[in-house]
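Q:
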Amino acid sequence: MSDMGEMDRPLAVSFDAVGTFLHFAEPVPVTYTRFAREFGLEATELTMSRRLDLAFQAAPSMVMPDGEDNDEFERQWWMNLAARVYGCALDDSDFVACFDALFAYFASPEAWRVHESFGRVLLQLREMNVKLAVISNFDARLHTLLDTMLPGLFDVVVLPGNSGFEKPQADIFTCAAERLDVSPERMMHLGDHEEEDVEAAQNAGIHALRWSYPLDDVDRPRERLLSYWGLIA
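Just so you know, we're using numbering that gives the first Met the number 0 here: the sequence shown kicks off at 0 and counts up by one.
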């Protein structure tokens with residue numbers, strides 16, 4: 000299903016966020032180390048890198064159990080992960096102060112970068128009456144980031160917290176298609192992860208392509224994407 004030649008021009012295109020078009024301003028271990036030192040915690044970039052990998056591998060689902068407050072659930076999810084990374088108790092006052100600052104930082108555009116031409120890609124797709132969505136395993140902070148960095152360009156943002164599903168579950172893609180009011184076979188998903196983006200979308204009957212928009216590539220990702228629909232000669 001990933002061959003664009005097998006489908007008509009899509010009625011909707013969805014994107015993964017982090018690693019696809021939304022990139023960290025600096026490596027995450029660098030950020031964790033910087034904040035740790037600011038608040039008097041022990042940390043090195045190498046240690047942070049190893050612990051982050053282990054913490055994410057062991058992390059539970061971000062889908063909220065029934066009856067819990069979503070914002071608080073997501074914040075606690077990240078706090079538990081950060082405590083494992085830093086090796087701190089949840090009630091350690093220095094850790095709590097560090098986590099509060101870290102959580103706020105990743106909610107701000109300062110922590111992120113988007114290629115300057117990506118917004119033009121979205122505008123061109125919208126001019127074709129293509130509906131646009133983000134399907135991500137990030138938390139509710141993504142709404143604020145998109146509203147600030149790419150305002151008004153996405154019709155739908157589907158997250159674990161507002162859908163009850165997470166990638167690589169096919170259901171999160173089905174949910175996005177329903178909210179966009181398009182059939183899966185007329186939808187295309189683009190993301191940087193083979194299992195969570197390409198295979199999961201295809202399992203929902205959605206065409207998919209492994210794709211990212213790196214900061215250091217001037218215009219080739221834009222040309223490659225738009226050429227699929229004959230927008231660039």
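Built from N, CA and C at the ideal position, the CB exists for glycine as well. Please read all numbers here as calculations on a predicted model, not as lab measurements.
#1: Give me the Cα-Cα distance between A16 and L40, rounded to the nearest whole angstrom.
#2: Under a Cβ-count criterion, where at least 16 other Cβ atoms within 10 Å of its own Cβ denotes burial, should R50 be classed as buried or exposed?
#3: Where does M187 land, buried or exposed, given buried means 16+ other C-beta within 10 angstroms?
#4: Should V155 and A132 be called a contact, given that it needs their Cβ atoms to be closer than 8 Å?
#5: Could you check if T143 is buried or exposed, using at least 16 other CB atoms within 10 Å of its CB as the buried criterion?
#6: Should the stretch 7-15 be regarded as contacting the stretch 174-188, the criterion being three or more beta carbon pairs within less than 8 Å?
#7: What separation, rounded to the nearest whole angstrom, lies between the Cα atoms of A96 and Y212?
#8: Please state if the CB of A169 and the CB of N202 are separated by a distance shorter than 8 Å.
#9: Note down, in chain order, each residue of its chain lying with its Cβ closer than 8 Å to the Cβ of F38, except the 5 sequence neighbours on either side.
#10: D146: buried (16+ other C-beta within 10 angstroms of its C-beta) or exposed?
#11: What's the call for R119, buried or exposed, on a 16-neighbour Cβ count within 10 Å?
#12: Check the C-beta distance from T32 over to T43 and give it rounded, since I have them as a contact under 8 Å.
#13: Out of G190, G86 and L21, which one is the CA nearest neighbour of W210?
#14: Pick helix, strand or coil for A207, following the three-state DSSP scheme.
#15: Along the chain, where does the beta strand (DSSP E) containing L189 start, and where does it finish?
#16: Alpha carbon to alpha carbon, how far is V157 from A139?
#17: Going by CA-CA distance only, name the one from G151, R36 and V84 that's closest to Q56.
#18: Starting from the C-beta of P59, find all residues in its chain whose C-beta is less than 8 Å away, skip the five residues before and the five after it, and write them out in chain order.
#19: Helix, strand or coil, according to DSSP, for H142 in the structure here?
A: The short version:
#1: 30 Å
#2: buried
#3: With 16 or more Cβ atoms within 10 Å of its Cβ, M187 is classed as buried.
#4: yes
#5: With fewer than 16 other Cβ atoms inside 10 Å of its own Cβ, T143 counts as exposed.
#6: yes
#7: A direct Cα-to-Cα measurement between A96 and Y212 gives close to 34 Å.
#8: yes
#9: D93, F94, A96, C97 and A100
#10: Exposed, since its Cβ has fewer than 16 Cβ neighbours within 10 Å.
#11: exposed
#12: Contact flag correct, Cβ pair sits at about 6 Å.
#13: G190
#14: strand
#15: M186 to G190
#16: 10 Å
#17: Check the Cα spacing between Q56 and each of G151, R36 and V84: the tightest is with V84.
#18: Cβ neighbours of P59 beyond the five flanking positions: W76.
#19: helix
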